[in-house]
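In what follows, a single structure is set out as structure tokens and then discussed.
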Amino acid sequence: MNSKNSKLNPKAKRQIIYIDISDLYKSKARTGIQRVVREITSRLSQDKRSEFKLGLLNFNSVNHKYELFSNTSIKDFMLAKKDTMKIVKSFKIEELERNSIFLDLDSAWNIPLKRAYLYGKLKKLDITIISYVYDLVPIIYPEFANQNTLRNFMTYLSAVYAYSDLVLCDSRSTEADFLKYKDNYKVNRYIPTLVTKLGIDFKAVSEKLSEDEIGLIKNFINEKYILFVGTIEPRKKQKLAVEAVSKIVSLGHKDIHLVIAGREGWNSGHLVNYIKKHPLYNKNIHWLDTPSDNLLDRLYKDCYMGIYLSEYEGFGLPVGESLGYGKITITSRNSSIREVGKDFADYAVYNTENEVFEIINNYIENEDLYKKKCEYIRNEYSPYKWDDVYETVFQFLNRLKLVDKIKSQNKLSQSVQAVIISNDANKLSANIKLIDAKMRFIKEYVIISPRIILNKINRIKSKNNIVFIDEKELLGNRYNKFKVSDHLTKNWMLRSSLMKIDKINAKFIMIDDDNQPLTEVFIDTFINEDGTYNAYYFYDMIEWFHRTSSYDLGQIPTLRILDNHNLELLMYSSHQPQIIDKNIFAEALSEYGESVINSPIDEWSAYFNYAVTRYPSLFMKKPFITINWPARATDWQHMYRPNGCVFENHYSQLYTDKSEAFYGVKNDDTVTKFKIQEKTMKPFYTAIDINKKYRNKISQYNIAHGVLKFQFNNNTLYLHGLPYLIITGKKAYIRLDLDYEIVGEGIDNNEVFLCYEARGVSFNQRELSPMQTSIKNYCHGTSSLPIVSKNRTFAIVDIFLLVDGKRVYGNNKSMSRLISVDNYDDVESAIVKNL
Amino acid sequence: MPKVNENTVVTIYERIVSDISSRYKNLIFENPKTIEQCCIGLSMSMLDNLSSEEFASVAYYKLLDRPASSADISRVASRLRNGYSTKKEEIEKIFKSPEYNIKNINVRMVK
Numbered sequence: 008m009n010s011k012n013s014k015l016n017p018k019a020k021r022q023i024i025y026i027d028i029s030d031l032y033k034s035k036a037r038t039g040i041q042r043v044v045r046e047i048t049s050r051l052s053q054d055k056r057s058e059f060k061l062g063l064l065n066f067n068s069v070n071h072k073y074e075l076f077s078n079t080s081i082k083d084f085m086l087a088k089k090d091t092m093k094i095v096k097s098f099k100i101e102e103l104e105r106n107s108i109f110l111d112l113d114s115a116w117n118i119p120l121k122r123a124y125l126y127g128k129l130k131k132l133d134i135t136i137i138s139y140v141y142d143l144v145p146i147i148y149p150e151f152a153n154q155n156t157l158r159n160f161m162t163y164l165s166a167v168y169a170y171s172d173l174v175l176c177d178s179r180s181t182e183a184d185f186l187k188y189k190d191n192y193k194v195n196r197y198i199p200t201l202v203t204k205l206g207i208d209f210k211a212v213s214e215k216l217s218e219d220e221i222g223l224i225k226n227f228i229n230e231k232y233i234l235f236v237g238t239i240e241p242r243k244k245q246k247l248a249v250e251a252v253s254k255i256v257s258l259g260h261k262d263i264h265l266v267i268a269g270r271e272g273w274n275s276g277h278l279v280n281y282i283k284k285h286p287l288y289n290k291n292i293h294w295l296d297t298p299s300d301n302l303l304d305r306l307y308k309d310c311y312m313g314i315y316l317s318e319y320e321g322f323g324l325p326v327g328e329s330l331g332y333g334k335i336t337i338t339s340r341n342s343s344i345r346e347v348g349k350d351f352a353d354y355a356v357y358n359t360e361n362e363v364f365e366i367i368n369n370y371i372e373n374e375d376l377y378k379k380k381c382e383y384i385r386n387e388y389s390p391y392k393w394d395d396v397y398e399t400v401f402q403f404l405n406r407l408k409l410v411d412k413i414k415s416q417n418k419l420s421q422s423v424q425a426v427i428i429s430n431d432a433n434k435l436s437a438n439i440k441l442i443d444a445k446m447r448f449i450k451e452y453v454i455i456s457p458r459i460i461l462n463k464i465n466r467i468k469s470k471n472n473i474v475f476i477d478e479k480e481l482l483g484n485r486y487n488k489f490k491v492s493d494h495l496t497k498n499w500m501l502r503s504s505l506m507k508i509d510k511i512n513a514k515f516i517m518i519d520d521d522n523q524p525l526t527e528v529f530i531d532t533f534i535n536e537d538g539t540y541n542a543y544y545f546y547d548m549i550e551w552f553h554r555t556s557s558y559d560l561g562q563i564p565t566l567r568i569l570d571n572h573n574l575e576l577l578m579y580s581s582h583q584p585q586i587i588d589k590n591i592f593a594e595a596l597s598e599y600g601e602s603v604i605n606s607p608i609d610e611w612s613a614y615f616n617y618a619v620t621r622y623p624s625l626f627m628k629k630p631f632i633t634i635n636w637p638a639r640a641t642d643w644q645h646m647y648r649p650n651g652c653v654f655e656n657h658y659s660q661l662y663t664d665k666s667e668a669f670y671g672v673k674n675d676d677t678v679t680k681f682k683i684q685e686k687t688m689k690p691f692y693t694a695i696d697i698n699k700k701y702r703n704k705i706s707q708y709n710i711a712h713g714v715l716k717f718q719f720n721n722n723t724l725y726l727h728g729l730p731y732l733i734i735t736g737k738k739a740y741i742r743l744d745l746d747y748e749i750v751g752e753g754i755d756n757n758e759v760f761l762c763y764e765a766r767g768v769s770f771n772q773r774e775l776s777p778m779q780t781s782i783k784n785y786c787h788g789t790s791s792l793p794i795v796s797k798n799r800t801f802a803i804v805d806i807f808l809l810v811d812g813k814r815v816y817g818n819n820k821s822m823s824r825l826i827s828v829d830n831y832d833d834v835e836s837a838i839v840k841n842l
Numbered sequence: 059m060p061k062v063n064e065n066t067v068v069t070i071y072e073r074i075v076s077d078i079s080s081r082y083k084n085l086i087f088e089n090p091k092t093i094e095q096c097c098i099g100l101s102m103s104m105l106d107n108l109s110s111e112e113f114a115s116v117a118y119y120k121l122l123d124r125p126a127s128s129a130d131i132s133r134v135a136s137r138l139r140n141g142y143s144t145k146k147e148e149i150e151k152i153f154k155s156p157e158y159n160i161k162n163i164n165v166r167m168v169k
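Keeping their order, the protein sequence lines are chains A and B. So the mapping is simple: the working numbering equals the position in the first sequence, first residue as 1, plus 7. So the mapping is simple: the working numbering equals the position in the second sequence, first residue as 1, plus 58.
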């Protein structure tokens, strides 16, 4: 590695990281993107571990030269103690040092030196270009973007797509948007991406408010005010908050206020006029234009709750800030917002006035719920920290040279070892036969099994060598714990133990005994021509709400560990073979520490999220390529659609049970399998696509319940996220992810199911297994309830609880209508007909 | 590191323009056929009413996203006052300058 070479040879030339801070230097801003530049740059300039040389640059647009700042003046400038920095030299773009790194953190699209021009020059100098994409607002919502910003951003994004070697994003949502538009614009090359997240830690503010500031807040500061922080612009939906709060006030809650804190955005005069001309303006509705940090701190500390209803965000900082102050936070549920608000925010799922009104009103009317929720947030919400964000950036920068070395060692011609855990010799034998025939680059099997099936394993015929490892010997004194553990924990214990074993090669293919190849599979499914590895994901962990099996429950601690280390949060247990780099897996285990070695951890996600975060340019992240995951289309809904499948997650009962889709199909009939899979998934995909578009209609027509309330056995359950009209495709279902909270004794001693009945059509239920919290008599969860339309076009849907076999209905609103349509064009008329 | 894409920056830029134009009919992207279209928010008649110094300042700011330096202003104003160039010719000069080429690719947008 770079660091090692430098220590051996003090004269070794240090690699330069250039950061162009022209926009920050011009604006001196302390918030938004400039805050990111300050936080990362100040830490990088002081990091004693760093072997890099830092080169901060300003582009002089008069003489077209870069100015290099003195490193001694960086700290004071970045901490906003000084407004200028000393320039040590001025040079042409072509004189930037070859083979250096160009870390483009600032709002580069605003800098006169356009990246379409600059990046081409950098490429000629073999400089590694790392760009940051904070959001795609100008592309997705150009009507909300300033004309100049739109024009500049289009140029910037074109340059990033054409030239960047690595792109940093602040959220998975932004990353997914970046990749979606990359495909839309037919940019065919793979561009590595890394989600860094953003820090939400606060500066201690100790200055007193000025007399003027005290005057601004005196009308509401001692009453219950709801705080909306953000630039005033149509995308942020301040109008929705104004309407909901007006309704609350009209019900007699004269002590409730809405405080909008932020400057007027571009082209938002009509919205400001709407606020200023509102009958409650300066009575219950207030606007504080561009509040100081001090004032904002005071507003957060004293508010009754926070609110943020943006249509789209790159990250969603105000949500994290509000929760960081321990405040109940009502927010929309789109783009990146759940990544920040997690299980702590109150989501207006469809961003309707009705939802916002009912959520606020529910807290006003239920003091106990209000107090418990506040306490829960204060005790358990942990905002992302700038130190962790910096560490994520530093760690991958530090490994860039190692990545080049690993890539140069990875050859497509190499033969590879397959490592399989199994306690079923018959299943294993069948799979080895298939792998022998269809994965011919596999040259050896390592089987980890109980000794009891060793004789059977010895009888397996294969063209390859088979090495047996006894699971008891592998685990040593952890074996007793292993024997009583669930399936997920067992797999984690075994696979994490393998990294110390000499018999395991430096790179190997990890396979479950039911991961079958469907067609001939080549090594390039796992290693690419340029030496990068493929990493196949199937879901976003933050959106996985299933809580039925040990696998589901294991996602909770897995998510916690990954998030604590500021790692990415995709699910990689794609039920297909994947390639593992033993050294990187061992490194991940070392970082996670001893405390997790006997825990229920998803080993695939634990390895890959570490690997893709620390070595982003060593991996190509791709959607999974396996059929029958899930086994049945009704088990859970695909978030990413597999394309070009070459593996099957093989369930034998799908072939032997007459009611199953694959009944009677021969195992080698791959063509029929693909056809069945396609036919089975099609109506479900149609229903998902219709629903994605339908969300806007729910918002437009204001047709969603806010809070449904159910009372039973000294408990009150509050359910969120149910639309008035549930739209699906025929012969398909859609899943409603419904958040709930329970205040009261809890349901440990009861069997409680969330149920729906579409009268005359279908019935379904999901057992509730809420997450316990540190707060007495308060727990919460999310239930993913599938609603089935069968062949009917219309049904009334009752939502109720089944508590120990007895039906419990909520307040009399807990009813919706189920409409199934053939395509999205029918949705509008179905809504109008049923309202 | 990945190879540079076979798509050129300009090709990708044109695809973005095409995508946004198809989704938002009220946004029109045009090549800079006329000086008026390039001077976002300004017409030549407005520019004619400015003094030589004001003109230099506004033109640089609007076309190059930066204030004109004092050297720029005195150079342009001197040329205009002495009749060596017109305001229209000065704008054309800015279009041909390397700085303008750095800033723009080939398409501009009007709303």
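Where is the CB? At the ideal position from N, CA and C, for every residue including glycine.
Query: Close-in-space but distant-in-sequence residues of the same chain around Val-410 (chain A) (CB under 8 Å, 5 per side omitted); Result: Tyr-622, Ser-624, Leu-625
Query: Exposed unless 16 or more other CB atoms sit within 10 angstroms - verdict on Val-491 (chain A); Result: exposed
Query: Contact under 9 Å by Cβ, Phe-185 (chain A) with Leu-143 (chain A); Result: yes
Query: Residues near Arg-458 (chain A) by beta carbon distance below 6 Å, same chain, minus five either side; Result: Asp-477
Query: Cβ neighbour criterion (16 or more within 10 Å) applied to Phe-545 (chain A); Result: buried
Query: Segments of 4+ residues assigned as alpha helix (DSSP H) that fall wholly inside the segment 162-242 of chain A; Result: 179-191, 218-224
Query: Where Lys-193 (chain A) meets chain B, residues with beta-carbon distance less than 9 Å; Result: Asn-65, Thr-69, Ile-70, Arg-73
Query: Short Cβ contact (9 Å threshold) for Gln-234 (chain A) with Met-312 (chain A); Result: One detail in the question is off: residue 234 (chain A) reads as Leu in this sequence, not Gln. Closer than 9 Å, so yes.
Query: Proximity test, Cβ basis, 9 Å: Glu-318 (chain A) and chain B; Result: no
Query: Separation of Lys-797 (chain A) from Ile-439 (chain A), as counted between CA atoms; Result: 40 Å
Query: Residues near Tyr-319 (chain A) in its chain [Cβ-Cβ closer than 7 Å; skip 5 each side]; Result: Val-144, Ile-147, Tyr-148, Arg-242, Asn-341, Ser-342
Query: Contacting positions in the segment 71-91 of chain A - beta carbon closer than 9 Å to chain B; Result: His-71
Query: 9 Å Cβ cutoff, Leu-157 (chain A) in contact with chain B; Result: yes
Query: Asp-609 (chain A) versus A:Ser-114, A:Ser-556, A:Asn-635, residue with shortest Cα-Cα distance; Result: A:Ser-556
Query: Reference Asn-226 (chain A), options A:Ser-612, A:Asn-159, A:His-582, A:His-264, closest by Cα; Result: A:His-264
Query: Span separating the alpha-carbon of Ile-710 (chain A) from that of Leu-732 (chain A); Result: 7 Å
Query: Nonlocal neighbours in the same chain, by C-beta distance under 6 Å from Ile-782 (chain A), ignoring five residues either side; Result: Lys-379, Glu-382, Tyr-383
Query: Length of the line joining the Cα atoms of Arg-447 (chain A) and Lys-628 (chain A); Result: 24 Å
Query: Residue-chain proximity (Ala-169 (chain A), chain B), Cβ-Cβ < 9 Å; Result: yes
Query: For Ser-107 (chain A), the nearest candidate out of A:Lys-89, A:Tyr-377, A:Glu-58 (CA to CA); Result: A:Glu-58
Query: Reduced DSSP secondary structure (H/G/I, E/B, other) of Leu-31 (chain A); Result: helix
Query: Proximity below 9 Å, CB of Asn-656 (chain A) to CB of Gln-583 (chain A); Result: yes
Query: For Asn-65 (chain A): DSSP bridge partner residues; Result: A:Glu-74
Query: Supposed close pair Ile-586 (chain A), Ile-516 (chain A) - CB separation, criterion 8 Å; Result: 6 Å
Query: CB contact check: Ile-94 (chain A) to chain B, cutoff 9 Å; Result: no
Query: Within-9 Å CB hit, Glu-147 (chain B) to chain A; Result: no
Query: Proximal residues of chain A, C-beta to C-beta of Ile-131 (chain B) below 7 Å; Result: Under the 7 Å cutoff, chain A gives no residues; its nearest Cβ is about 12 Å from Ile-131 (chain B).
Query: Euclidean distance between Cα positions of Thr-735 (chain A) and Ser-836 (chain A); Result: 14 Å
Query: Bridge partners - Trp-294 (chain A), DSSP secondary structure assignment; Result: A:Ile-267
Query: Residue(s) in a DSSP beta bridge with Asp-588 (chain A); Result: A:Lys-514
Query: Sub-9 Å separation of Ile-428 (chain A) and Asp-519 (chain A) beta-carbons; Result: yes
Query: For Phe-552 (chain A), the first and last residue of its enclosing alpha helix (DSSP H); Result: Here Phe-552 (chain A) belongs to no alpha helix (DSSP H), and DSSP marks it neither H nor E.
Query: Listed by chain order, chain B residues near Ser-165 (chain A) by CB distance under 7 Å; Result: Val-67, Ile-70, Tyr-71, Ile-74
Query: Unbroken alpha helix (DSSP H) run spanning Val-619 (chain A), endpoints; Result: 610-621
Query: Which of helix, strand or coil DSSP assigns to Cys-381 (chain A); Result: helix
Query: C-beta neighbour in chain A for Ile-78 (chain B), strict 9 Å; Result: yes
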